[in-house]
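Q: Just so we're aligned, residue 33 is where the sequence shown starts under the numbering used here, counting upward by one.
Note that CB positions come from ideal geometry on N, CA and C, so glycine has one too.
None of these values were measured; they are calculated from a predicted model.
Structure incoming, see below.
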Amino acid sequence: MMAKNSDDPSMRQERRRQKADATPSDDEITSELPITRDRALWHLIESLPVFILETDARHRIIFMNAPFAQISGYQIGETLPLDSSEPHPHWRNPATGEPYRWNELPIARVWQTNAAVADAIVTRTLPSGEEVSLLAKAQPVRDAEGNITSVILTLVDISAQRHAEHVAQEHAAVLDAVIDSMRDGVAIFDPSGRLMRINPAFYRLLGWDQSSFVPFAYAQQERAAIYDVYTLDGHPLPFEQWPLHRILRGETVDSMHLSVRRADGSRVILDMSGRPLRHETTGEMFGAVCFFRDMTEFYRLEHMREEFINIASHELRTPLTSMGLANHLLQQWLSHLPDAELMLELNATITAQMKRMERLINNMLDLTAITGGNFHITPRPADLAKVVRAAVEEQRSLTRRDIRLSGADDALPALIDAQRINQVVTNLLNNAQANSAASTPIIVQLTQVQHDETPWARISVRDYGKGIPANRLETIFERFGTTPADADQDEEDDSVNGLRFGLFLARAVIEEHGGNIRVESQPGRGSIFTFEIPLNPPQERVQ
């Protein structure tokens, strides 16, 4: 007859019974426990925030610490029905929400499998009705021959951790919903630049099919080839200047407009912004987020608007030229008539308004040239003092304002675009007139200064009007930047201020001359606009 294998289940069960018969009685367990366990270890185990239970081969409880006794109500020596398939009254499986059966508990599975059970999560309902989540580990205790003599079950309360994870999951779900519902594209990267997440708007912006295009599968260089990014002036954007690379270097990118290729080969202009993601405590960067907004329609409408302004300005020039000639002839005829003072005054008003329209048309044409990148100056030798005097005298005759000029009596040779400098002085004077009372003077001053042993000219225009609020000073020279006259509609705006780009054009002209322009102002005390230009600009600017 063949001998039974020692690993046969019936043999293991027989050995368990033999061990159980040799196990001390309940009274012996109770009386010998303090003797068999080190007292220091005993106090440590009793004070740990861990639930500990030990059962022998007959499934009797031979040890449990005070925390376990409090949550279970068991007694030392009590036998647990670990072979039963009946549902446990208090333990539930958090994954299914169903009660655990006795023979499914971690401590029962050790006896069944002859192996440890680690990191099983169970849910326990306490006598108070509170529900706690516990991390269970069941470890066999073996004798010298390797046979299991008992099983120790340890439980750790992870309710707070589970709650935090649940809250974090809820927050993540809310964030995912927000990101997915955004009309702007969103992309999140890890510190190495690997793409971690994109939202549906990203696919729509670039015309990609979510089911067929998986950008996560591409390396950065491969994505660069796919998107084929260009600057708006038509140059390929170097890979190291991509917004993502700048962000991963620690920069914050605000509103970078770039042309990107779509799936069908067409191009879309995107406004790209982004910033590094950093830990609040350590400041260490753990990723980057980029935002993408479609600006294609905006640029299309902007181009249409500039085309309209350009066409309208050219069309207005023709009748204005004819009107100017006719008005000049009318003025000459009126000057020979007796008692024609009133008619001459009306004619002067017509002349002033035509000059005003001419400046407006010229400014509109210059605006389209600047925004289109076609704005240039033509410096030639000229007397800067004479140019400033001419602009001041013209405004005096047209507006009859008290405009006082100093420092322009002597000639000041310079290499400038005289027509453009005249335009700047005129725009600054118009701005001063629009923002100050007619009874107050306007002060114009021309001086020569030195910067790094190089001669420069400084021209300032001062008014005693409303002044400019501090929150508008930074944007006063921007395109369509606001001036005080824009906010007060009770005064007639000059043409330059009415469309709010006179100062923008002035800055463009001065910067083309290699100079700078600034403003100083206090509300209620007026403003001083000052520009400086080199009298002999670098040769490359002249060319």
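Between 320, 296, 327 and 230, which has its C-alpha nearest residue 274's C-alpha?
A: Considering only alpha carbons, the answer is 320.
Q: Under 6 Å Cβ to Cβ from residue 558, same chain only, skipping five residues before and after it: list those, please.
A: Excluding residues within five positions, the ones whose Cβ falls inside 6 Å are 495, 496, 497 and 499.
Q: Taking only runs that begin and end inside the stretch 529 to 570, name each unbroken alpha helix (DSSP H) of 4 or more residues, in chain order.
A: Those alpha helix (DSSP H) runs which fall completely within the stretch 529 to 570 and span 4+ residues are 534 to 544.
Q: Tell me which same chain residues have a C-beta within less than 6 Å of the C-beta of residue 554, skipping the five on either side of it?
A: Within the same chain, residue 554 has close Cβ partners 499.
Q: Who are the Cβ neighbours of residue 138 in its own chain at under 6 Å, not counting the five residues just before and after it?
A: If we look at residue 138 and ignore the five residues flanking it on each side, its Cβ neighbours are 149, 152, 168 and 170.
Q: Quick check: the Cα distance between residue 566 and residue 480, rounded to an integer number of angstroms?
A: C-alpha separation (whole angstroms): 10 Å.
Q: For residue 210 and residue 218, I'd like the C-alpha separation in whole angstroms.
A: Computed Cα separation, rounded: 11 Å.
Q: Would DSSP call residue 250 helix, strand or coil?
A: Three-state DSSP puts residue 250 in coil, outside helix and strand.
Q: For residue 464, is the beta carbon positioned less than 7 Å from some heavy atom of the ligand SAM?
A: Absence of the ligand SAM from the depicted structure is noted, as is the absence of any ligand whatsoever, leaving it without description.
Q: Would a C-beta distance cut-off of 8 Å place residue 448 and residue 397 closer than the cut-off?
A: No, these two residues do not count as a Cβ contact at 8 Å.
Q: Spell out whether any CB of chain B is found under 8 Å from the CB atom of residue 334.
A: The chain inventory of the structure shown lacks chain B, comprising one protein chain alone.
Q: Return helix, strand or coil for residue 68, following the three-state DSSP convention.
A: Below a pLDDT of 50, predicted positions are generally treated as unreliable, and residue 68, at 46, falls in that range; no measurement from the model is reported.
Q: Excluding sequence positions up to five away, which residues of its chain have a Cβ less than 7 Å from the Cβ of residue 129?
A: There are no such residues.
Q: Any chance you could list the alpha helix (DSSP H) runs of at least 4 consecutive residues sitting entirely within the stretch 409 to 446, in chain order?
A: List check, alpha helix (DSSP H) in window: 416 to 431.
Q: For the stretch 354 to 362 against the stretch 377 to 387, do three or more pairs of beta-carbon atoms, one drawn from each stretch, fall closer than 8 Å, so that the two count as touching?
A: Result yes; three or more Cβ-Cβ pairs closer than 8 Å.
Q: Can you check whether the CB of residue 491 is closer than 8 Å to the CB of residue 551?
A: No, Cβ-Cβ distance for residue 551 and residue 491 is not below 8 Å.
Q: Below 7 Å CB to CB, which residues in the same chain sit around residue 547 once its five sequence neighbours on both sides are set aside?
A: So the qualifying residues of the chain are 563, 564, 565 and 566.
Q: Would residue 476 pass as a contact of residue 535 if the rule is Cβ separation under 8 Å?
A: For residue 476 and residue 535, no; Cβs fall outside 8 Å.
Q: Nearest to residue 234 by alpha carbon, out of 533, 421, 369 and 216?
A: Comparing Cα positions, the closest option is 216.
Q: Give a yes or no on whether the C-beta atoms belonging to residue 493 and residue 464 are separated by under 8 Å.
A: Yes. Within cutoff.
Q: Give the C-beta separation of residue 92 and residue 109 to the nearest angstrom, bearing in mind that I take them to be a contact with Cβ-Cβ under 8 Å.
A: Confirmed, Cβ separation roughly 6 Å.
Q: Would you give the residue range spanned by the alpha helix (DSSP H) that residue 197 belongs to?
A: That run of the alpha helix (DSSP H) goes 191 to 213.
Q: Taking all protein chains shown into account, decide if residue 268 is buried (16 or more other Cβ within 10 angstroms of its Cβ) or exposed.
A: By the 10 Å Cβ count, residue 268 comes out exposed.
Q: Could you give the distance in angstroms between the alpha-carbon of residue 65 and the alpha-carbon of residue 107?
A: Residue placement at residue 65 is flagged as unreliable, the pLDDT there being 45, under the threshold of 50; a coordinate-derived value is accordingly withheld.
Q: Do residue 610 and residue 306 have their C-beta atoms within less than 8 Å of each other?
A: Examination of residue 610 is not possible in this model, given that the chain is present from 33 through 575 alone.
Q: Which two residues bound the contiguous beta strand (DSSP E) that contains residue 310?
A: Note, residue 310: beta strand (DSSP E), 299 to 310.
Q: For residue 297 and residue 253, what's the separation of their Cα atoms in angstroms?
A: If I take the Cα positions, the gap works out to 19 Å.
Q: Among 483, 196, 145 and 351, whose alpha-carbon lies nearest the alpha-carbon of residue 183?
A: The option with the nearest alpha carbon to residue 183 is 145.
Q: With distance defined between alpha-carbon atoms, name the residue in 561, 83, 177 and 444 nearest to residue 467.
A: Checking every option, the nearest Cα to that of residue 467 belongs to 561.
Q: Less than 8 Å separating the beta-carbons of residue 190 and residue 156?
A: Not a contact, by the Cβ cut-off of 8 Å.
Q: Considering only their Cβ atoms, is the gap separating residue 265 from residue 287 smaller than 8 Å?
A: Cβ distance not < 8 Å, so residue 287 and residue 265 don't count as in contact.
Q: Looking at the structure shown, is residue 267 part of a helix, part of a strand, or coil, going by DSSP?
A: Residue state, collapsed to three classes: coil.
Q: Given that a residue counts as buried once 16 or more other Cβ atoms are within 10 Å of its Cβ, and exposed if not, what is residue 186?
A: Answer is buried; the Cβ neighbour count reaches 16.
Q: Whole angstroms is fine: what's the gap from residue 598's alpha carbon to residue 425's?
A: Since the first and last residues shown for the chain are 33 and 575, residue 598 lies out of range.
Q: Taking buried to mean at least 16 other C-beta atoms within 10 Å of its own C-beta, is residue 556 buried or exposed?
A: Exposed, since its Cβ has fewer than 16 Cβ neighbours within 10 Å.
Q: I need the boundaries of the beta strand (DSSP E) containing residue 291, first residue and last residue.
A: It spans 285 to 293 - the beta strand (DSSP E) in which residue 291 sits, taken as one unbroken run.
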